[in-house]
Amino acid sequence: MFVSQVSFPDNITYKHCVVIQLHVCVCLQWEEVSIMDEKNIPIRTYQVCNVLEPNQNNWLRTDWIPRSGAQRVYVEVKFTLRDCNSLPGVTGTCKETFNLYYHESNEDRESYIKESSFIKVDTVAADESFTQVDVGDRIMKLNTEVRDVKVMMRKGFYLAFQDVGACIALVSVRVFFKTCPLTIRNLATFPDTVTGADTSSLVEVRGSCVNQSEEREEPKMYCGADGEWLVPIGGCLCNPGYQEKGGTCKACSVGFYKAKSSDAGCSKCPPHSHSLRDGATVCDCHSGFFRADSDPPSMACTQPPSGPQQLISVVNETSVVLEWAPPRRLGGRSDTSYSLECLICQTGSHSQTGSKALLCLPCGSDVLFSPDQTGLKSTRVVVSELRAHTHYTFIVHARNGVSQASGAGAAQSVSVTVTTNQAAPSPVSSILVTDVTRHSLSLSWQQPDRPNGVILEYEVKFYEKDQKERSYRIMRTFSRSVDVTALNPLTVYVFHVRARTAAGYGEFSSPFEFATNSDPFPLIGEGVNSAFLLLSVSGVGILLLISAAVFIISRRRSKYSKTKQDSEEEKHLNPGVKIYVDPFTYEDPDQAIHEFAKEIDVSSIHIERVIGMGEFGDVCSGRLRVQGKREIYVAIKSLKAGYSDKQRRDFLSEASIMGQFDHPNIIRLEGVVTRCKPLMIITEYMENGSLDAFLRKHDGQFTVIQLVGMLRGIASGMKYLSDMSYVHRDLAARNILVNSNLVCKVSDFGLSRVLEDDPEVAYTTRIPIRWTAPEAITYRKFTSASDVWSYGIVMWEVVSYGERPYWDMNNQDVIKAIEEGYRLPAPMDCPVVLHQLMLDCWERERAERPTFSQILNMLDKLIRNPGTLRRTGGDRPTATLLESELGSEVCVSVLPEVCVPVSSVCEWLRSIGLERYGDTLAAAGYTSLDSLLALTHQ
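Using the UniProt record's numbering, you'd call the opening residue of the sequence shown number 1 and step up by one each time.
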């Protein structure tokens, strides 16, 4: 039974700990005794020493202890213990341990608690025990033990100590819990926080920004079980006009400013500006100085320029060349531009006084300025299409970025007045035919738009179109019409007309074509004889049909049209197609990277984790936040420290290459970081990684149509590269990336110059032999055709789900096998048409291989007709199967473009491997090559 209550001394503190005041209730067997400690200072203890009696069960219990928000409390017990061997007459009832218990409760009103209600914490043993008593004072050895208790269920708890037969004295008991103290990290305040319930738990705490600051990223820290703060994340930035000092945000002093939260600190006001108060976000310009809206706050205030100098004019008939010198004072800026004002000036009489005055009006829109009239950076302009014998005034204005802000834009100018000379007339704009016969044409035209004087006569030059001006005739007339006779019937003639004034002949008009007639009746205007038109159209139609039939039947056999080898021929065949520019042709690699790639602010990039290791450094994934756009996931390649100039050039060249491409099946370059270290290349993030690893991970899980869809995407990307005259040189499944939608994109453009950069001995070690065409291995001849060979290997990799090409053969064995005609066999369950396309890509002669355009067309047809993908190499062809294939677009050939020079139906069937259907076609009435023209899919 508990009978009394006393307090232990409270003279010990703990770092990051809260000590709980403690009272105890003592059982009758425990005695409160005063003893001397090591320093001979008297202290009060609770003792029990009933070692001679068996079955001891002596309890000492504390009062109710409030939990105070703690989830785990710590109990420190200091005690002394008598060694049982030093007690005479003890036969086995003596113990050298005691037990610690606790009991949780919501309130302090439990005067009696059953022993069974307590939960045992631990059995406590002494590290040292005393053995003797000297002159009535104990020479004791003090033990200190700490135990932790999880208390989470109730508002408070009791502690209890059980003696089971020891000679023990409790000197002191401390109950406390740990907290992480209030702190400031990254300009965020984190409050005093109680640790978690488990010894390994971390309590997440969100911080609040200090005064005059804003969140950069949500500030968080974790409170560890030992009362220490861990893992600071995010933080705050001082507001504009404030900077960090000692964990707080202090206002910028007078003469300093801070424009953005992201700025490192307050900066001194730029030249010609000042700030008159603390906390300035921008410095005001001095009087007479200005700042444009687009100028950053860090830029000095500037002035508008003075007027241009030394304006010189040179008149050439109806053209004027104007040149001038830049202003003497540019105002401290480099964005000076010029604009030209053109005025036509004439002398007129004043309506009231009758005096003569010079009247000036703006020039018309027909006046031409080269290079332009406004926004000029050069100091020379050619003005043309002016009127002859006319006074003009030209005013050249100089402006810069602050001219409009200063209101002085119109005053900074210089002018000159000129008079144009006599000039030849402008060309005749159009010629009309008014009468057509077998041997004559009647023509008429309008006066030139700019006669520049009195027209004295017109000159007509004409010739037969087929002669191309090798033999022409000239007629002259004073009127604006002419009858041209002695012409050949049914002949196209080309006509030019020009006018002459006192200043001479003008230029000939553009060519106009007219044809004479074969009908003896004249054709007036557009009233053409309908019978003649019908006969002509019918004749042309018959000729076209005959030509088409002859072309189809007699077309020479050509398995594929020749692969485009020469980039100049490519440009001729495809005018307007964007052509790839090799970044290594630039002397300065930074010029190429800035021309083809966008610079990204490193603060917009948030790196999350490392996903791989590249040739130049780590490859990470993260997020890109560009102002005005949604956040996207990206892949980040970085250039490791200690790089050489060559490594930097090679690293940036890949970005210069990628930046020129824009296609859904080419990896997209988001931008680069070159203005700080480390250098980075930012591309779109492809969730499923490389194609070969992705296929091996999902072996056998896709349909044939899905695999063909992947191949179609790769072919589309390679067609785009081929059209740009770019040769990849390292096309392989490992260099194809796959996103979450199974879209395949061509990547890794780092091998494009390996032949130029590597020495002879390093050639075969760098070139991927298993994927490379024979002519590229032997002669280093890389073309789009060699990329087609590599594409065939990629097809094999896809259909075989990432199998290694040529298995465990070494490179020399692969080269030898290919030279001897060996080709990879069809993978398991590979459709016949796909393996045939692979074999076509592996033709020894590169001109025999298909182009990427033909490959893309083939795959599109296979996707539209999935029935053609059913037959695999393990299937035996049957009549029913072949008949079903005859209903598709690839019924008789891997590529329907293939044509064969044959002389009979049987020969044609033999050439395509279907000679067994000769009787079937004959029975249906297809007995001649002409009849095959009517053959349909049905």
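Glycine is no exception: its CB is placed at the ideal position from the N, C-alpha and C atoms. Computed from a predicted structure; not experimentally measured.
Range of the contiguous beta strand (DSSP E) that encloses residue i
| i | result |
| --- | --- |
| glutamate 797 | Per DSSP, glutamate 797 belongs to no beta strand (DSSP E); it is in the alpha helix (DSSP H), 784 to 799. |
| glycine 671 | 669 to 673 |
| residue 994 | A question about residue 994 goes unanswered here, because the residues of the chain that appear run from 1 up to 938. |
| glutamate 587 | Neither: glutamate 587 is in no beta strand (DSSP E) and is coded neither H nor E. |
| isoleucine 607 | 605 to 613 |
| residue 939 | In the structure as shown, the chain starts at 1 and stops at 938, and residue 939 therefore has no counterpart that could be examined. |
| proline 32 | A small correction: the amino acid at residue 32 is glutamate; proline does not occupy that position in the sequence shown. 31 to 36 is the span of the beta strand (DSSP E), which, as asked, contains glutamate 32. |
| glutamine 243 | 242 to 245 |
Length of the line joining the Cα atoms of residue i and residue j
| i | j | result |
| --- | --- | --- |
| valine 610 | arginine 154 | 45 Å |
| glycine 156 | aspartate 127 | 31 Å |
| tyrosine 917 | alanine 826 | 27 Å |
| leucine 639 | cysteine 620 | 12 Å |
| tryptophan 771 | leucine 731 | 7 Å |
| leucine 929 | threonine 778 | 44 Å |
| glutamate 569 | leucine 330 | Low per-residue confidence applies at glutamate 569: pLDDT is 40, beneath 50, and the placement is therefore not dependable, though the value from the model is reported in the following sentence. So the alpha carbons of these two residues sit roughly 50 Å apart. |
| proline 489 | alanine 773 | 59 Å |
| threonine 93 | proline 54 | 5 Å |
| tyrosine 472 | asparagine 421 | 33 Å |
| cysteine 283 | serine 294 | 15 Å |
| aspartate 466 | phenylalanine 512 | 14 Å |
| tyrosine 926 | serine 904 | 11 Å |
| serine 603 | glycine 207 | 22 Å |
| serine 267 | serine 653 | 37 Å |
| arginine 450 | lysine 578 | 40 Å |
| alanine 715 | phenylalanine 852 | 6 Å |
| glutamine 854 | leucine 386 | 55 Å |
| valine 48 | glycine 227 | 36 Å |
Residues that DSSP places opposite residue i in a beta bridge
| i | result |
| --- | --- |
| threonine 477 | Tyr458 |
| leucine 330 | Paired residues: none, contrary to the question. |
| methionine 680 | Ser638 and Val673 |
| serine 413 | His397 |
| glycine 622 | Ile607 and Val634 |
| proline 66 | Gly156 |
| histidine 103 | Tyr158 |
| tryptophan 59 | Gln162 |
| phenylalanine 661 | According to DSSP, which records beta bridges pairwise, phenylalanine 661 is partnered with nothing at all. |
Contact check, residue i vs residue j, beta carbons under 8 Å
| i | j | result |
| --- | --- | --- |
| residue 946 | valine 194 | Past the edges of the chain, shown from 1 to 938, lies residue 946, and the structure says nothing about it. |
| aspartate 192 | alanine 225 | no |
| isoleucine 636 | methionine 686 | no |
| isoleucine 593 | threonine 683 | no |
| isoleucine 736 | leucine 691 | yes |
| glycine 504 | glutamate 599 | no |
| valine 497 | valine 428 | yes |
| histidine 272 | glycine 255 | no |
| tyrosine 242 | glutamine 212 | yes |
| serine 306 | glutamine 446 | no |
| tyrosine 392 | valine 418 | yes |
| residue 992 | alanine 166 | Shown here, the chain extends from 1 to 938; a query on residue 992 therefore has no answer. |
| leucine 802 | leucine 695 | Strictly speaking, residue 802 in this sequence is glycine, with leucine absent from that position. Yes, Cβ-Cβ distance for glycine 802 and leucine 695 is below 8 Å. |
| serine 319 | serine 426 | no |
8 Å contact criterion, which residue i and residue j should meet: CB distance rounded
| i | j | result |
| --- | --- | --- |
| serine 105 | tryptophan 64 | 6 Å |
| alanine 733 | glutamate 797 | 4 Å |
| leucine 707 | valine 799 | 6 Å |
| cysteine 252 | glutamate 244 | Actually they do not touch by this definition, with Cβ atoms about 12 Å apart. |
| serine 200 | threonine 131 | About 41 Å; that fails the 8 Å criterion. |
| tryptophan 229 | threonine 189 | Not a contact, Cβ separation roughly 12 Å. |
| glutamate 38 | leucine 142 | 7 Å |
| proline 448 | glycine 506 | 7 Å |
| tryptophan 324 | proline 304 | In fact, because the Cβ distance is near 17 Å, the residues do not count as touching under 8 Å. |
| valine 164 | asparagine 50 | Actually they are not in contact, since the Cβ atoms of valine 164 and asparagine 50 sit about 10 Å apart, beyond 8 Å. |
| glycine 453 | alanine 405 | Actually they do not touch by this definition, with Cβ atoms about 48 Å apart. |
| threonine 437 | asparagine 517 | 6 Å |
Extent of the continuous alpha helix (DSSP H) to which residue i belongs
| i | result |
| --- | --- |
| histidine 835 | 832 to 841 |
| arginine 734 | It is not in any alpha helix (DSSP H) - arginine 734 carries neither H nor E in the DSSP assignment. |
| lysine 861 | 852 to 864 |
| glutamate 819 | 811 to 819 |
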